[in-house]
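*Asks:* Those letters in the sequence shown? Residues 44 to 128, by the working numbering.
Note that CB positions come from ideal geometry on N, CA and C, so glycine has one too.
Pasting a structure below so you can have a look.
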Amino acid sequence: MTFDEPNKLVVEGVFRYTRNPMYLGFVISLLGLFLLLGANELSLGVVVLFVLVSDRWYIRFEERMMFEKFREQYQAYCRNVRRWM
Numbered sequence: 044m045t046f047d048e049p050n051k052l053v054v055e056g057v058f059r060y061t062r063n064p065m066y067l068g069f070v071i072s073l074l075g076l077f078l079l080l081g082a083n084e085l086s087l088g089v090v091v092l093f094v095l096v097s098d099r100w101y102i103r104f105e106e107r108m109m110f111e112k113f114r115e116q117y118q119a120y121c122r123n124v125r126r127w128m
């Protein structure tokens, strides 16, 4: 989320495919780095840790805030668009 209070739920563009394009982009970048570093256990661990922390802490916090702000509109959006992809 940005530092400003959201006033409109964006459901177009990349948001039609994923509710969290920024986190998805980070994961794709980390996977690329994982491959560049020779696909070792440490680099894979970094990717897995990022996904777990993002999914279980950051994204859930942000989704709770979005639900409080947009209620039914956000609930319908969540039914139609997956968290990651």
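For T61, which residues of its own chain have a beta-carbon under 8 Å away from its beta-carbon, when the five flanking residues on both sides are left out?
*Replies:* Closer than 8 Å at Cβ, skipping near neighbours: L67, V124, R125, R126, W127, M128.
*Asks:* Less than 8 Å between the CB atoms is what I'm expecting for V94 and F77, so what's the real figure, rounded?
*Replies:* Wrong, their Cβ atoms sit about 12 Å apart, outside the cutoff.
*Asks:* Under the three-state reduction of DSSP, which class applies to N123: helix, strand or coil?
*Replies:* Correct three-state label for N123: helix.
*Asks:* DSSP on E115, reduced to helix/strand/coil?
*Replies:* Correct three-state label for E115: helix.
*Asks:* Could you check where the alpha helix (DSSP H) with M65 kicks off and where it finishes?
*Replies:* 64-79
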